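Participant:
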Amino acid sequence: HSMYGTIAKMRVQAGKQAELEQVFKQGASETPGFRFAYVYQMDDDPQDLMLVVAFDGKDTYHSNAQSSRQHQEYLAYRELLEGDPEWHDGEIVWADVQAESAAASD
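Heads up, the sequence shown is in this note's numbering, so the first residue is 1 and it goes up one at a time.
1. Could you please give me the residues that DSSP links to Val-52 through a beta bridge?
2. Using C-beta distances below 6 Å, list every residue in its chain close to Pro-85, excluding the 5 sequence neighbours before and after it, in chain order.
3. Beta carbon of Val-12, beta carbon of Phe-36: below 9 Å?
4. Using the Cβ count rule (16 or more neighbours within 10 Å means buried), how would you classify Ala-14?
5. Kindly provide the ranges of any alpha helix (DSSP H) runs that are 4 or more residues long and lie completely inside the region 59 to 103, ordered along the chain.
6. Run the CB neighbour count on Met-42, radius 10 Å, all protein chains shown included, and call it buried at 16 or more, exposed below.
7. Under the assumption that Gly-5 contacts Ala-65 (Cβ atoms under 8 Å), give the Cβ distance between them as a whole number of angstroms.
8. Identify, in the order they occur along the chain, each residue of the same chain with its Cβ nearer than 6 Å to the Cβ of Val-23, setting aside the five sequence neighbours on each side.
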């Protein structure tokens, strides 16, 4: 089965970036089926962030999204945002990860 996840556009409140990062890092380590998360800070406005998250599969992603623990994490980081995130869920149909293949050849 292929990886599945979401890309979320969010706008962090001014001065809350470090706090938001802590919430994300804490939550990711406790999540079953979690593969990776990347947060991009946009060049044109540093308060605009794009979150890219991947899970082992669609079922894992949805069971996490519906968990009470994930809901508590969402409430924690939502307080640091100017508005609701804009979610774009989908299957990851192609991935090229240099770091993993380099580590595997060591």
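Note that the Cβ used here is the ideal one computed from N, Cα and C, for glycine as well.
Computed from a prediction, not measured in an experiment: that's the story for all the values here.
Facilitator: Once the coordinates are examined:
1. Ile-7 and Tyr-38
2. Ala-8 and Met-10
3. no
4. exposed
5. 68 to 78
6. exposed
7. Not really, about 10 Å apart at Cβ, beyond 8 Å.
8. Ala-76 and Tyr-77
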